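To keep things clear, I will list the structure first and then write my remarks on it.
Chains as they are written, first to last, in our numbering: chain A, -17 to 234; chain B, 25 to 425.
Here it is in structure tokens:
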């Protein structure tokens, strides 16, 4: 369960002064559900997800992830989440096994439990042939699998994906999409951000459209189609975002 | 803080760093190789150069009016010099190093010596050029002897005792044990090198573990693990400290070994005033190590804090390069002869450690200063560590764009 409760995040910028990256964002994401955060670059997706993952602290408002407060109980939050983005790289000089083992240890697991879990995960993800290969020598697909194993080592209830398919080729992206679906089937709470409409259409139970740090529209795909009387998600997205872009152009 | 987590992070960083060639070079290869290179290499080079200069037949020019054949003959008879024909541009020739020295006899020098008139002999040399000075020394010696002989002859002629001109002798006796003399000269270099190597050994891992993580994108991966940021930065700090101390210890071992080799080599060449004829006791080495320990903590945390602020490896390097000079300056100041302790100086980090270690190596233990310096360096180290830990908690530092 993820409950974002009036999240705000400001950044100080030398040229532009205070920038409001996230502006009063609230939503709820339930277990067994995929929540898609759809927005253009710079819309505030990454900042929102980083606040949920406790990497950044909200300027105002808060969120509860797996029942824990992201500000006051950040450690418990991190124990219950798996966070994956294209920015979460692997340690190149560790082997795939060591990489996953390290995160098991950071999660306070015993070496015995880690080994058992890794054997299970590596078999399921078909990673056994490169388990002792150094991460910087692995192919993109192998790296993706290692990252997935890394997020799953402690079997978290909540999965946070920040543009997980960005820059990946078709096959690697498919692995990730399949993995996200699998998470839902296992009853996990899943949130993921993207700017790819087709991924949202294929995967998401709930969609939040974010622009300029604000959550402009929310609902299931069917609800959004009905509300805006359009079939194509891209058309709906443009219909929602465009009036705001026009306003910004006037303001600046 | 959770010690288990700190150790998990430390263990991983250690494995990670030991697989990195660049860290291994700065941590292991450099301290092992640089010491023999400096001591044995430089030592043999200098000894050879000096030996060569001393053996050289010096070209010397005699400037004389031609009325002092006796003295000219004595100069000509001097060993190790080669007389060249006189020419008026002797000063230029000396400057150009084609001529080593020139000696100018005043007109009627021989006669003046015989009659007891006061005259001056000029020797021209090029200060700072060892070959020119060797030539001048030979001439100086000749005239000193000539003067002494003249004095003796005159005294004898008047039937006066030799003690008339030397009523008493002045002699300086050294009471410092030989290891202290050596300690003050060569031993002074030991702490200096250890301090510098502790810094260079820590530099690469400090950058790799902070700015390097930002550059490679692993910082976000590690920040979403349950481990707290304090544990994370302390684990990293321990790794950088390990690298720093490892470099320092290897430098000490390598230096002791190369001193030993150099000593044996020079002993084989003979000579009583072997400058390496001293030994640094195990006690002194342990004491130096203990004094350097808080300094290594200061370096590790300071470098970590600076490198953490940088966005990339290159940016971190450009911040740290000038820092090297800041560290080397006081360490060099500690090497200067005549720099003495006072309480104020004991509060200057690096300089104080450099000074006190120099004293320790030469066998002197100023316990009150040792205590003061150890404490003050600990305070600086704790402050730097505090800054590093707090920087690691700041979003604007971790995600600086």
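From the three backbone atoms N, C-alpha and C, an ideal C-beta is built for every residue, glycine too. Treat the numbers as computed from the prediction; the structure is a model and nothing was measured.
For residue j and residue i, the rounded distance between their alpha carbons
i	j	result
residue 58(A)	residue 250(B)	7 Å
residue 61(A)	residue 136(A)	8 Å
residue 222(A)	residue 424(B)	32 Å
residue 162(B)	residue 382(B)	37 Å
residue 53(A)	residue 39(A)	7 Å
residue -16(A)	residue -3(A)	34 Å
residue 229(B)	residue 213(B)	25 Å
residue 190(A)	residue 152(A)	25 Å
residue 409(B)	residue 94(A)	35 Å
residue 67(A)	residue 158(A)	11 Å
residue 132(A)	residue 359(B)	52 Å
residue 386(B)	residue 369(B)	19 Å
residue 49(A)	residue 206(A)	29 Å
residue 114(A)	residue 80(A)	8 Å
residue 416(B)	residue 253(B)	7 Å
residue 320(B)	residue 25(B)	22 Å
residue 149(B)	residue 113(B)	14 Å
Beta carbon proximity, residue i to chain A, threshold 8 Å
i	result
residue 238(B)	no
residue 247(B)	yes
residue 36(B)	yes
residue 32(B)	yes
residue 241(B)	yes
residue 339(B)	no
residue 424(B)	no
residue 306(B)	no
residue 29(B)	yes
residue 418(B)	no
residue 251(B)	yes
residue 43(B)	yes
residue 296(B)	In this predicted model, residue 296(B) has a pLDDT of only 48, less than 50, meaning its place in the structure is not dependable; the value taken from the coordinates is given anyway. So, not an interface residue.
Opening and closing residue of the alpha helix (DSSP H) in which residue i lies
i	result
residue 222(B)	213 to 233
residue 413(B)	391 to 415
residue 174(A)	Where residue 174(A) is concerned, there is no enclosing alpha helix (DSSP H), although the beta strand (DSSP E) it sits in stretches over 171 to 176.
residue 149(A)	Here residue 149(A) belongs to no alpha helix (DSSP H), and DSSP marks it neither H nor E.
residue 207(A)	203 to 210
Beta-carbon proximity check, residue i vs residue j, cutoff 8 Å
i	j	result
residue 267(B)	residue 41(B)	yes
residue 79(B)	residue 260(B)	no
residue 154(A)	residue 202(A)	no
residue 105(B)	residue 82(B)	yes
residue 226(B)	residue 264(B)	yes
residue 59(B)	residue 275(B)	yes
residue 407(B)	residue 331(B)	no
residue 192(A)	residue 20(A)	yes
residue 31(A)	residue 218(A)	no
residue 280(B)	residue 64(B)	no
residue 162(A)	residue 34(A)	no
residue 329(B)	residue 403(B)	no
residue 15(A)	residue 156(A)	no
residue 75(A)	residue 43(B)	yes
residue 63(A)	residue 140(A)	yes
residue 84(B)	residue 126(B)	yes
Where the beta strand (DSSP E) through residue i begins and ends
i	result
residue 167(A)	First-last for residue 167(A): 152 to 167, but that is the alpha helix (DSSP H), not the beta strand (DSSP E).
residue -9(A)	-16 to -5
residue 141(A)	140 to 144
residue 381(B)	First-last for residue 381(B): 375 to 385, but that is the alpha helix (DSSP H), not the beta strand (DSSP E).
Any chain B beta carbon closer than 8 Å to residue i
i	result
residue 218(A)	no
residue 87(A)	yes
residue 37(A)	yes
residue 76(A)	yes
residue 79(A)	no
residue -1(A)	no
residue 63(A)	yes
residue 2(A)	no
residue 95(A)	no
residue 248(A)	With chain A running from -17 to 234 in the structure shown, residue 248(A) is simply not present.
residue 71(A)	yes
residue 90(A)	yes
residue 60(A)	yes
residue 175(A)	no
residue 67(A)	yes
residue 57(A)	yes
### Length-filtered (4 minimum) alpha helix (DSSP H) runs lying within the stretch 294 to 370 of chain B
306 to 333, 337 to 357 and 367 to 370
Which runs of the alpha helix (DSSP H) spanning at least 4 residues fall entirely within the stretch 61 to 112 of chain A, listed in chain order? 78 to 88 and 93 to 106
Notebook entry, point to check: Along the chain, which unbroken stretches of the alpha helix (DSSP H) at least 4 residues long are found entirely within the stretch 63 to 141 of chain B?
Noted result: 66 to 79, 93 to 101, 114 to 119 and 133 to 139
Output the residue ranges of the beta strand (DSSP E) runs that lie fully inside the stretch 8 to 55 of chain A and measure 3 residues or longer, sorted by chain position. 16 to 20 and 42 to 47
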